[in-house]
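Trainee: Position 184 of the sequence shown, counted from 1, bears residue number 182 in the working numbering, the numbering being contiguous throughout.
Glycine included, every Cβ here is placed at the ideal spot set by N, Cα and C.
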Amino acid sequence: MPSILALTGSPSLHSRTAVVADHALRRLAHAGLDTAHLAVRELPAADLLAARTGQPELRRALAAVAEADGLVIATPVYKAAYTGILKAFLDLLPQDGLAGKTVLPLTTGGSIAHVLTIDYALRPVLAALGARHVTAGRFLLDSTIERENGQRPDRLRPEAELDLYQAVDEFAYAVNAGAVTAAATAATAAAVGTS
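#1: Along the chain, where does the beta strand (DSSP E) containing P92 start, and where does it finish?
#2: Going by C-alpha distance, which of A49, P103, A72 is nearest F87?
#3: So L3 and L56 are in contact, right, with Cβ under 8 Å, and what is the actual spacing, rounded?
#4: On the criterion of 16 or more Cβ atoms from any shown chain inside 10 Å, does D67 qualify as buried, or is it exposed?
#5: Expressed to the nearest angstrom, what Euclidean distance is found between the alpha-carbon atoms of A59 and L104?
#6: Return the first residue and the last residue of the beta strand (DSSP E) that G107 is part of.
#7: For S1, list the residues DSSP reports as bridge partners.
#8: According to DSSP, simplified to helix, strand and coil, what is L11?
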């Protein structure tokens, strides 16, 4: 079964971006995929900024990326780009750190003026890290993400949820197709090696 890791790049403790990533992960788990969530802000800041990749928490985080078949990378938009904390983590990955992986980019922001952040800021970095396939991402307005008020849980407005789920379903299909292709390639290589 393919495994999915969500990386969230919000520095906020009460992050709308994390709400979106959690919705995506629930949908993926419902589709039968293994899921995990890594909030970059929970990594030790001094180790992250000093690129101390040998430290246990960073080592585990980088291993989780390496072991995942697919990544959901979610970030709020700050200054027309993804967050610095996400950039600091992505900078720790090897040059081919996303090789063979399918990636779903998700962004959140307060204005539709930031809708192109995925294509102009995030997608080039993911491609430079060797992602096999970057699926069509989604930008969600902050106003469509409703935070918990003590009486009800966090939720997305129906139109935002439908849009997110379409992107998540396309991503799940791409991850599963990639897993089938990888298995077929491994089987062919094994058969050629034994003949």
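Mentor: According to the structure shown:
#1: Premise fails: P92 is in no beta strand (DSSP E) and is neither H nor E.
#2: A49
#3: So it is not a contact: roughly 15 Å between Cβ atoms.
#4: buried
#5: 20 Å
#6: 100 to 107
#7: DSSP lists D32 as partners of S1.
#8: Coil.
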